[in-house]
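Accompanying notes for the structure given below.
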Amino acid sequence: MARVVLHALRLLRQFTTNPNSFLKAAKSLPDYLDARDFARTFPATSSADETPSTNPLIEYFDRHREGRGIWKWRHYFDVYHRHLEKFVNRDIALAEIGVFSGGSLDMWQHYLGRGARIHGIDLDESTLTYSSDRVSIHIGDQESRTFWRQFRSDVPELHVMIDDGGHSPQQQRVSMEEMLPHLQPGGVYICEDIVGESNDFSSYVGGLVASLNSGVAALESSASGFQQAVYAIHCYPFITVVERTVNEAGPFLSQRHGTAWQPPLRLRDGYGKIAGRGA
679 MARVVLHALR LLRQFTTNPN SFLKAAKSLP DYLDARDFAR TFPATSSADE TPSTNPLIEY
739 FDRHREGRGI WKWRHYFDVY HRHLEKFVNR DIALAEIGVF SGGSLDMWQH YLGRGARIHG
799 IDLDESTLTY SSDRVSIHIG DQESRTFWRQ FRSDVPELHV MIDDGGHSPQ QQRVSMEEML
859 PHLQPGGVYI CEDIVGESND FSSYVGGLVA SLNSGVAALE SSASGFQQAV YAIHCYPFIT
919 VVERTVNEAG PFLSQRHGTA WQPPLRLRDG YGKIAGRGA
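One rule links them: number in my numbering = place in the sequence shown (from 1) + 678.
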């Protein structure tokens with residue numbers, strides 16, 4: 679119920695600022711509620727009996743019993759490896775918000791290789807002790823846009839950003855808005871610990887997904903600035919991954935190949951509806 683009330687408040691705000699956006703959002707509410715019901719009643723499945731794939735991050739974590747602490751949800755390691763493996767043994771820069779006990783900084787260095795430059799970001803000045811020849815510590819507030827301007831100046835090239843900081847929706851939002859555009863082409867932005875059905879940052883990510891799907895009105899559609907820059911948004915339990923495009927996306931093309939169609943091809947409108955059905 680709290681989630682519905684929050685959605686209604688957002689609709690009210692949209693009505694006062696953008697009536698057209700309000701009407702679209704209001705129409706989506708029944709679909710949102712239907713999806714919640716579908717997810718809530720989804721049948722449980724038994725775990726597949728498969729041989730687990732090799733994941734060097736899990737292997738490192740399981741071996742790490744002493745020294746600097748690492749605290750992560752275990753299923754995150756599969757997400758990390760899926761999206762960050764392409765950076766292994768490359769000359770790249772990774773930044774993580776939330777240094778804590780420093781163990782994850784060592785983990786990233788071990789996983790990515792000696793060529794990686796690691797940047798830790800934290801409010802606590804005591805974390806400066808974790809600095810080394812390949813690890814830099816930056817002291818600042820992730821909710822401060824002034825701090826991020828200085829950080830971008832200090833670190834002009836960044837490929838991976840991991841937000842494991844304060845976990846408040848406002849902190850997560852400011853960090854993403856300031857740093858996602860700063861990532862290099864092909865870069866990866868990861869935000870952790872998006873917990874709870876009434877999480878405001880989860881709703882914010884939903885707006886990003888909607889923006890990624892917007893603008894289709896013909897068989898050829900130009901890409902918005904956001905669509906040119908963002909290749910994909912992946913949502914996993916408690917964690918979201920945003921991938922930057924390697925190259926800016928050109929126009930989106932809906933193409934038809936072949937000569938035999940069933941039913942016979944009859945374009946109804948510019949979007950490509952065929953006899954009242956999708957192609």
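The beta carbon of each residue, even a glycine, is placed where N, CA and C say it ideally should be.
Run of the alpha helix (DSSP H) containing residue i, from where it starts to where it stops
i	result
Gln-849	847 to 857
Tyr-808	First-last for Tyr-808: undefined, no H or E at that position.
Ala-888	878 to 890
Gln-820	Premise fails: Gln-820 is in no alpha helix (DSSP H) and is neither H nor E.
Straight-line Cα distance separating residue j from residue i
i	j	result
Asp-802	Ser-889	36 angstroms
Glu-921	Phe-829	21 angstroms
Asp-782	Val-757	Before going further, note that residue 782 is Ser rather than Asp in the sequence given. Cα-Cα distance, rounded: 15 angstroms.
Ile-748	Gly-780	7 angstroms
Ala-957	Gln-850	Note that Ala-957 scores 48 on pLDDT, short of 50, meaning its location in the model is unreliable and no value can be drawn from it.
Trp-786	Arg-795	9 angstroms
Ile-911	Gly-865	12 angstroms
Ala-953	Val-833	Residue placement at Ala-953 is poorly supported in this model, since its pLDDT is 41, which falls under 50; the coordinates still yield a value, given next. C-alpha separation (whole angstroms): 54 angstroms.
Trp-939	Glu-835	49 angstroms
Arg-955	Pro-734	Residue placement at Arg-955 is poorly supported in this model, since its pLDDT is 48, which falls under 50; the coordinates still yield a value, given next. Using only the alpha carbons, I get a separation of about 46 angstroms.
Leu-762	Arg-792	15 angstroms
Thr-923	Ser-831	22 angstroms
Leu-790	Ser-822	29 angstroms
Ile-817	Ala-773	12 angstroms
Option nearest residue i by Cα separation, candidates the options
i	options	result
Gly-974	Trp-786, Ala-717, Gln-820, Gln-940	Here the chain covers residues 679 to 957 and nothing more, so residue 974 does not appear.
Gln-961	Leu-897, Val-919, Ala-927, Ala-901	This structure leaves residue 961 out entirely; the chain is present only between 679 and 957.
Trp-826	Tyr-710, Arg-812, Phe-765, Glu-856	Glu-856
Pro-915	Phe-904, Glu-870, Ser-900, Val-908	Glu-870
Glu-744	Tyr-789, Gly-936, Asp-784, Val-924	Asp-784
His-788	Pro-834, Val-777, Val-766, Gly-798	Val-766
Ile-799	His-761, Leu-735, Phe-739, Gly-776	Gly-776
Leu-886	Trp-939, Ser-899, Ala-907, Val-873	Ala-907
Phe-904	Gly-884, Val-873, Ile-872, Pro-859	Pro-859
Val-852	Pro-721, Lys-764, Phe-879, His-935	Phe-879
Status (buried if at least 16 other CB within 10 Å, exposed otherwise) for residue i
i	result
Arg-752	exposed
Lys-951	With a pLDDT of only 47 at Lys-951, under the threshold of 50, the placement of this residue in the model should not be trusted, and no figure is reported.
Tyr-808	buried
Phe-778	buried
Asp-841	buried
Leu-931	exposed
Gly-948	Per-residue confidence for Gly-948 stands at a pLDDT of 49, beneath the threshold of 50, marking its modelled position as unreliable; the derived number appears in the next sentence. Classification of Gly-948: exposed, given that the 10 Å Cβ count is below 16.
Thr-937	exposed
CB of residue i within 8 angstroms of CB of residue j, strictly
i	j	result
Ile-868	Val-813	no
Pro-847	Tyr-882	yes
Ile-815	Thr-805	yes
Endpoints, beta strand (DSSP E) assigned at residue i
i	result
Gln-906	Looking at the DSSP string, Gln-906 is not in any beta strand (DSSP E); the run it does join, the alpha helix (DSSP H), is 903 to 907.
Pro-734	Element bounds for Pro-734: not the beta strand (DSSP E) but the alpha helix (DSSP H), 734 to 741.
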